[in-house]
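These notes are about the structure you will find just below.
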Amino acid sequence: MCRKLCFASLLLSISLLVAADPPWVAKRIPEWSDKDAYLILSDSPWAKKAAASLARLMTAAERREGGDMAAQGGGHGGIGLENAGTLVGRGSGGAIVRPGQGPEEQHLKLAIRWESALPVQAAELRTHDTSAPELDGEDYAIAVYAVSLKLASVELKGLEDDLKKLAVLKVEGRKDFRPTRVVAVELGGGMANVIYFFPRSAHITAEDQRLVFEAQVGRILFAQYFYPAEMKFLGKLEL
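Encoded structure:
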């Protein structure tokens, strides 16, 4: 009899654990555990792993056609930011393709966070995340972590202005928004975090069904969906 009761209690505990609300739904910040904070930073409405692709290398002939008359030899390291165009605007035969559809798909994953959201900021403080960027609070901020500059075939110097041209935040049913600025923070070892700032004049609300963040760093292309209806902390939209 005791064995049956113990087994029933165990099943009940498991079912309650499975049914438990995530920390951003049911817990105030002081109640978070370290596990809660890490979950918010790794797998939450504000933090995702995005699939990324590599654009193909340009041949010397393509580079000369694009205006680099001194181009010699084989493939160029990257597609050339000045000739890149929009992230997903080219068809077959072009250098730009959607993530996951490129001929050089490498199954890359990039950690992307909606950095300006209160739960993300609080979780970074809780976990002492030293890689987290400093924000001024004036814009929406989306951070892409640990981007390989070598794989992207770019140098950090002078990169930020180019990155502004190759990023967009799409709000369904409204115009697209471009970043007001982009900050690239070198981490060492050829890696960098890239933070995109979008204007709060976008006035994103919980009624906006889906947001699409698309960007490109050199040869690396990526995109990620966010859903405002899910991006709520204790019932309040946090962006």
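Using the numbering used here, read the sequence shown as starting at 1 and increasing by one per residue.
In this text, a Cβ means the ideal position worked out from N, Cα and C, and glycines have one as well.
Identity of the residues DSSP links to residue i by a beta bridge
i	result
Glu115	According to DSSP, which records beta bridges pairwise, Glu115 is partnered with nothing at all.
Gly188	Met191
Gln121	Its beta-bridge partners do not exist; DSSP assigns none.
Pro199	Asp139
Lys236	Phe233
Residue i, buried or exposed, once every other Cβ within 10 Å from all chains shown has been counted against 16
i	result
Leu16	Reliability fails at Leu16, whose pLDDT of 43 lies under 50, so the model's placement of it is uncertain and no value is given.
Gln121	buried
Val25	exposed
Ile204	buried
Ala229	exposed
Leu239	buried
Ala20	exposed
Gly235	exposed
Gly189	exposed
CB contact flag (residue i, residue j, <9 Å)
i	j	result
Val212	Leu166	no
Trp114	Phe226	yes
Leu163	Val194	yes
Glu186	Asp208	no
Leu151	Ala192	no
Segment limits, alpha helix (DSSP H) that includes residue i
i	result
Lys170	Segment Ala167 to Val171 is the beta strand (DSSP E) holding Lys170; no alpha helix (DSSP H) there.
Ile40	Asp34 to Ser42
Leu151	Leu149 to Ala152
Ala26	Pro23 to Ala26
Supposed contact pair residue j and residue i - C-beta distance, whole angstroms, cut 8 Å
i	j	result
Asp176	Val168	5 Å
Asp139	Pro199	6 Å
Ala47	Gln224	Incorrect: roughly 10 Å between the Cβ atoms, too far for contact.
Arg126	Ala37	4 Å
Ala206	Lys232	7 Å
Terminal residues of the beta strand (DSSP E) in which residue i lies
i	result
Lys48	Ala47 to Leu54
Ala215	Leu211 to Val217
Ala223	Ile220 to Phe226
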